[in-house]
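Per our numbering, the sequence shown starts with residue 2, numbered consecutively.
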Amino acid sequence: SRCALDCEDSGTMARVLDVFTSLHKKGQILITGYKNRFEAPTDGGWADLMLNIVLKPPPGAPYHVCEVQIMHHSMLVVRAQLGAHSDYARFR
């Protein structure tokens with residue numbers, strides 16, 4: 002599964018990351034990986050925070066791995082309104 006969280010500003014992004022970190026520390030989720038693409042944007046210039054998380058399943062149930070993208074709203078505007086996503090699709 003994959004989801005994207007649209008954050009209006011960097012402060013909101015930090016608070017969202019704090020929530021995921023807190024859930025991890027409480028054992029409610031497991032963060033299995035992350036990429037900080039603000040420190041190292043893709044070749045196409047895309048930048049976000051990406052978390053791989055595992056939701057804590059009920060006893061006996063299989064684990065479910067999820068990808069969560071924490072994105073700055075300005076990046077979404079560029080992708081959606083200025084055609085960056087279609088450029089990325091062609092590039093890829």
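Ideal placement from N, C-alpha and C gives every residue a C-beta, glycine not left out.
- Contact between the segment 26-33 and the segment 6-17 is absent: fewer than 3 CB-CB pairs across the two stretches fall below 8 Å.
- For Ala-5, the secondary structure class from DSSP, reduced to helix, strand or coil, is strand.
- Secondary structure at Thr-22: helix, using DSSP grouped into helix, strand and coil.
- In the three-state scheme derived from DSSP, where H, G and I count as helix and E and B as strand, Thr-13 is classed as helix.
- Per DSSP, Gln-29 lies in no alpha helix (DSSP H) segment and is marked neither H nor E.
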